[in-house]
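**Q** Residues -26 to -1, 1 to 138 in mature numbering (1 follows the signal peptide of the UniProt record, and there is no 0) are what the sequence shown lists, from first letter to last.
Glycine included, C-beta positions come from ideal geometry on N, C-alpha and C.
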Amino acid sequence: MKSKLGVRKVCLAALIGALGATVAVAGEHAHHGHGASGSVRKGEALDVKALPSLRIVSPLAGAQLGPDIKVEFETGADLEQMTMGAKTVGVHLHVDIDGTSLMPTMRELARVGKNRYRYVFDLPLEAGAHVISVYWSDASHKTIESSVQKVSVVVVPNRGKVKP
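(1) On a CA-only basis, which of Val65, Ala103 and Val125 is nearest Phe47? Give me that one, please.
(2) Please report the straight-line C-alpha distance between Arg90 and Ala84, rounded to a whole angstrom.
(3) On the criterion of 16 or more Cβ atoms from any shown chain inside 10 Å, does Glu82 qualify as buried, or is it exposed?
(4) Hey, quick one: how far does the beta strand (DSSP E) through Glu48 stretch, first residue to last?
(5) How big is the Cα-Cα spacing for Tyr93 and Ala113?
(6) Do Pro26 and Thr57 have their CB atoms nearer than 8 Å?
(7) Could you work out which residue in Gly59, Ser121 and Ile43 is closest to Leu108 when comparing CA atoms only?
(8) Just tell me which of His68, Gly73 and Leu67 has its CA closest to the CA of Ala103.
(9) Taking the C-alpha atoms as reference points, what is the distance between Asp42 and Leu99?
(10) Suppose contacts are defined by Cβ-Cβ distances below 8 Å. Is His68 in contact with Met80 by that definition?
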């Protein structure tokens, strides 16, 4: 019989394997075969005031949602250069749900307006409280704390489409 921790590890591994985006679980992570972008290289000082802003526009804090989750956010960033799949990786986008950090490619983001993008999580979430975050990580793959935007939502079972 497996321990609860062993079952959690198996479930997490299954979740990670099923997700389309590159996954990193909390803290630092690495991208093999990628260098740093030309403006901010690994080991150089990063001017966080110069970073493009991020803002979650949907869902709203406290929203009650069905199990299929998507997040819409605004940024003036050139996401072609700041997502996985860019020619070089420097500061880059993360989308996080409950501590599982995803690094989407540009193909996984739908442009839904000027400077507005949508990311759809591949797997449905269980009922209960969840936290969605979007943020920048630097070329050393550390979260840039000043960029973190979070929203808490509640997944309600058997809930159809609802207003965000």
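**A** Straight from the coordinates:
(1) Counting from one through the sequence shown, the residue named residue 47 turns up at place 73. Taking only the C-alpha atoms, the option nearest Phe47 is Val125.
(2) What you label residue 90 is simply residue 116 of the sequence shown in a count that begins at 1. What you label residue 84 is simply residue 110 of the sequence shown in a count that begins at 1. Taking the straight line from one Cα to the other gives about 8 Å.
(3) Within the sequence shown, numbered from 1, the residue matching residue 82 stands at position 108. Its Cβ being crowded by 16 or more others within 10 Å, Glu82 is buried.
(4) Within the sequence shown, numbered from 1, the residue matching residue 48 stands at position 74. Its beta strand (DSSP E) spans residues Lys44 to Glu48.
(5) Within the sequence shown, the letter at position 119 stands for residue 93. Within the sequence shown, the letter at position 139 stands for residue 113. So the two alpha carbons sit approximately 22 Å from each other.
(6) Here residue 26 corresponds to residue number 52 of the sequence shown, with the count starting at 1. Here residue 57 corresponds to residue number 83 of the sequence shown, with the count starting at 1. Taking 8 Å as the Cβ cut-off, Pro26 and Thr57 do not qualify as a contacting pair.
(7) Here residue 108 is taken as the residue at index 134 of the sequence shown, counted from 1. A small correction: the amino acid at residue 108 is Val; Leu does not occupy that position in the sequence shown. Val108 has its Cα closest to that of Ser121, out of Gly59, Ser121 and Ile43.
(8) The count along the sequence shown starts at 1 and reaches residue 103 at position 129. When only C-alpha atoms are compared, the closest one is Gly73.
(9) Position 68 of the sequence shown, counted from the first residue, corresponds to residue 42. Position 125 of the sequence shown, counted from the first residue, corresponds to residue 99. Going by the C-alpha atoms only, they are around 7 Å apart.
(10) Translated into positions along the sequence shown, residue 68 becomes position 94. Translated into positions along the sequence shown, residue 80 becomes position 106. In this structure, Met80 does not lie closer than 8 Å to His68 by Cβ.
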